[in-house]
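Here is the structure we will look at, set down as structure tokens.
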Amino acid sequence: MAKDSTSAGNLLRVRKPHEHSRVTYVELFFDLVFVFAVTQVSHFLLAHFTPIGALQTLILMLAIWWVWVYTSWITNWLDPERTSVRVMLFTLMSAGLLLSTSIPHAFESRGLAFALAFVAMQVGRSAFATFTTPKSDPLRLNLARILAWLSVSAVFWIAGGLLDGNIRIALWLIALAIEYAGPFAGFYVPRIGASTTQDWSVEGGHMAERCALFIIIALGESIVVTGTTFAGIEWTIVGFAAVASALLGAIAMWWIYFHIGVHLGSERISQSSDPGRLARLAYTYLHLPIVAGIVVTAVGDEMLLAHPSGHADAKMILATVGGPVLFLIGVLLFKRAVRGHLQPSHMVGIAALLALAPVGPFVSPLALSAATTATLLAVGYWEAVSLGAASRSPVE
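Going by our numbering, the sequence shown opens with residue 8, and the numbers climb by one from there.
If you want it as structure tokens, here you go:
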């Protein structure tokens, strides 16, 4: 439904029929903190590439994505061009910087700092949105439910920050479970009930653009990692080949997501009779494995540049193959949500990548990386060709 934010005390975006709400400059500025956050997460995984380190990285990635995507929902409802909303975003940036700088030691000495920064962002932003939304607007009750759920999870975040070791991990997993279950449960609160996706008056085009920009952040981080690592090593023919493989892999990922899928998603959610439901599934949940896949791939690229020759070890294989697999699974499910069917090219690509894993120990890291990059390029080419003829057909 359209929102009228012309009154002085109303911070909601003005919704005009058949008109896309643009992403504002302050939203892009806010995203800069998350460029740093994604870099910190990838460095954390590289330094803790063990089963427990992978679990810790997952917790960090889930938290970073969740605080960002919740903020994107809020700026879909509130108008970032209003001064008080901008101040709210600047305040979130400050907390986000503390959150990001805490990541390397989030499971050691800076756990409480990480938890407090996260809670301040989640609860503070939701409280601001709730109490600045007019009481007469149905959105306020929805925001109050969200605030209630985040306040409950905050207890587990802070308790985890105060405790150490496996107890911290367990409490933070409980906190994340509460937060990720919230949208599926409609943020049910006793006595005031649950929200429906129809209550989430989302502007679909804006949400699609925001999530696409986060994909750019993740891809940009992978390129920064590649460039920074290459700048610090000796330049050789093998090194140049490794850089080429890493860069082509990033280009292939961009192509697979942006060439067709992002436009289809934007059109579908903009035309949907229930954009809130599609935004919850396709953009809130299913973009997470896409981003995580890019981050894991960036870790593999950094390993590749450090040791392009010899034989690929288990860590190299997991990162080099696992990252693209995770990315393709995410894109496959995302496109399934917006197009209504699974992409054959993506399914074949996932199978081909998995088939490379047993070969990994017998080839060099460069050869393995080149093979995964070639697979991604083939997936992008297949989809582009088939959907080019496919504007006439509902299936790929």
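The beta-carbon is built from N, C-alpha and C at its ideal position, and this holds for glycine as well.
Handout entry: Residue range of the unbroken alpha helix (DSSP H) whose run includes Ser101
Key = Within the sequence shown, the letter at position 94 stands for residue 101. Start and end: 90-109.
Problem - Length at least 3, wholly inside the segment 181-267: the beta strand (DSSP E) runs in chain order - result: none
Exercise for the section: Count the other CB atoms, across all protein chains shown, that sit within 10 Å of the CB of Tyr32; report buried if there are 16 or more and exposed otherwise. Expected result: Within the sequence shown, the letter at position 25 stands for residue 32. Exposed, because fewer than 16 other Cβ atoms sit within 10 Å of the Cβ of Tyr32.
Practice task
Please classify Leu349: does DSSP put it in a helix, a strand, or coil?
Solution key: By one-based count along the sequence shown, residue 349 stands at place 342. Coil, per DSSP.
Practice task
Could you pull out every residue in the same chain whose Cβ sits closer than 8 Å to the Cβ of Ala391, ignoring the five residues on either side in sequence?
Solution key: Translated into the one-based positions of the sequence shown, residue 391 becomes position 384. Result list for Ala391: Trp262, His266, Ile267, in chain order.
Practice task
Just the C-alpha distance for Ala201 and Ala44, rounded to the nearest angstrom, thanks.
Solution key: Taking the sequence shown and counting its residues from 1, one reaches residue 201 at position 194. Taking the sequence shown and counting its residues from 1, one reaches residue 44 at position 37. If you draw a straight line from the Cα of Ala201 to the Cα of Ala44, it comes to about 33 Å.
Exercise for the section: State the Cα-Cα distance for the pair Val328 and Gly272, rounded to the nearest angstrom. Expected result: Taking the sequence shown and counting its residues from 1, the one referred to as residue 328 is at position 321. Taking the sequence shown and counting its residues from 1, the one referred to as residue 272 is at position 265. Rounded to whole angstroms, the gap between the alpha carbons of Val328 and Gly272 is 27 Å.
Problem - Proximal residues to Tyr195 (C-beta, below 7 Å), its chain only, five neighbours per side dropped - result: By 1-based counting over the sequence shown, the position of residue 195 is 188. Counting only Cβ-Cβ distances below 7 Å, and skipping sequence neighbours, we find Ala201.
Exercise for the section: To the nearest angstrom, report how far apart Leu99 and Pro87 are at their CA atoms. Expected result: Locating residue 99 in the sequence shown gives position 92, counting from the first residue. Locating residue 87 in the sequence shown gives position 80, counting from the first residue. Going by the C-alpha atoms only, they are around 13 Å apart.
Handout entry: Test item: CB-CB of Thr304 and Phe341 under 8 Å
Key = Translated into positions along the sequence shown, residue 304 becomes position 297. Translated into positions along the sequence shown, residue 341 becomes position 334. Not closer than 8 Å, so no.
Exercise for the section: Identify every residue that forms a DSSP beta bridge with Leu85. Expected result: For the purposes of this step, residue 85 is taken as the residue at position 78 of the sequence shown. Bridge partners of Leu85: Leu19.
Practice task
Kindly indicate which three-state DSSP category Asp281 falls into: helix, strand or coil?
Solution key: Here residue 281 corresponds to residue number 274 of the sequence shown, with the count starting at 1. Of the three classes helix, strand and coil, the one that applies to Asp281 here is coil, per DSSP.
Handout entry: C-beta atoms of Val298 and Ile222 nearer than 8 Å
Key = Here the question's residue 298 lines up with position 291 in the sequence shown. Here the question's residue 222 lines up with position 215 in the sequence shown. Their beta carbons are under 8 Å apart, which means Val298 touches Ile222 by this criterion.
Practice task
Kindly list the residues whose CB is nearer than 7 Å to the CB of Ser229, restricted to its own chain and excluding five residues on each side of it in sequence; keep chain order.
Solution key: On the sequence shown, position 222 is the one that residue 229 refers to. Hits under 7 Å: Ala257, Ile301, Thr304, Ala305, Asp308.
Exercise for the section: Answer with buried or exposed for Ser404, where buried requires no fewer than 16 other C-beta atoms within 10 angstroms of its C-beta. Expected result: This structure leaves residue 404 out entirely; the chain is present only between 8 and 403.
Practice task
Output the distance between the C-alpha atoms of Thr57 and Pro145, rounded to the nearest integer angstrom.
Solution key: Position 50 of the sequence shown holds residue 57. Position 138 of the sequence shown holds residue 145. Those two C-alpha atoms are separated by around 47 Å.
Exercise for the section: For Ser400, count neighbouring C-beta atoms within 10 Å of its own C-beta (all shown protein chains included) and say buried if the count is 16 or more, exposed if not. Expected result: Along the sequence shown, one-based indexing puts residue 400 at 393. In this predicted model, Ser400 has a pLDDT of only 42, less than 50, meaning its place in the structure is not dependable; the value taken from the coordinates is given anyway. Exposed: under 16 other Cβ atoms inside 10 Å.
Exercise for the section: Could you tell me whether any Cβ in chain D is nearer than 8 Å to the Cβ of Thr31? Expected result: Among the chains of the structure shown, chain D does not appear; only one protein chain is present.
Exercise for the section: State the DSSP-derived secondary structure class of Gly272, mapped to helix, strand or coil. Expected result: Here residue 272 is taken as the residue at index 265 of the sequence shown, counted from 1. Looking at Gly272 - three-state DSSP - the assignment turns out to be helix.
Problem - Residue of Ala113, Leu312, Gly356 minimising C-alpha distance to Ala374 - result: Translated into positions along the sequence shown, residue 374 becomes position 367. Of Ala113, Leu312, Gly356, the residue nearest in Cα terms is Leu312.
Problem - Contact check, Ala136 vs Leu150, beta carbons under 8 Å - result: Position 129 of the sequence shown holds residue 136. Position 143 of the sequence shown holds residue 150. For Ala136 and Leu150, yes; Cβs fall inside 8 Å.
Exercise for the section: Quick one: using the 10 Å Cβ neighbour count with 16 as the cut-off for buried, is Arg152 buried or exposed? Expected result: Within the sequence shown, residue 152 is the residue found at index 145, counting from 1. Arg152 is buried by the Cβ-count criterion.
Practice task
Name the residue from Tyr77, Glu34, Leu67 whose alpha carbon lies nearest to the alpha carbon of Tyr292.
Solution key: One-based indexing of the sequence shown puts residue 292 at position 285. It is Tyr77.
Practice task
Answer yes if the segment 228-247 comes into contact with the segment 178-189, meaning at least three C-beta pairs across the two stretches below 8 Å, and no otherwise.
Solution key: no
Problem - Nearest neighbour of Met310, chosen from Ser376, His213, Ser116, Val48 [CA to CA] - result: Start at 1 with the first residue of the sequence shown, and residue 310 comes out as number 303. Closest by alpha carbon: Ser376.
Handout entry: C-beta contact flag for Gln3 and Gly283 at 8 Å
Key = One cannot answer for residue 3 here, as it falls past the ends of the chain, which runs 8 to 403.
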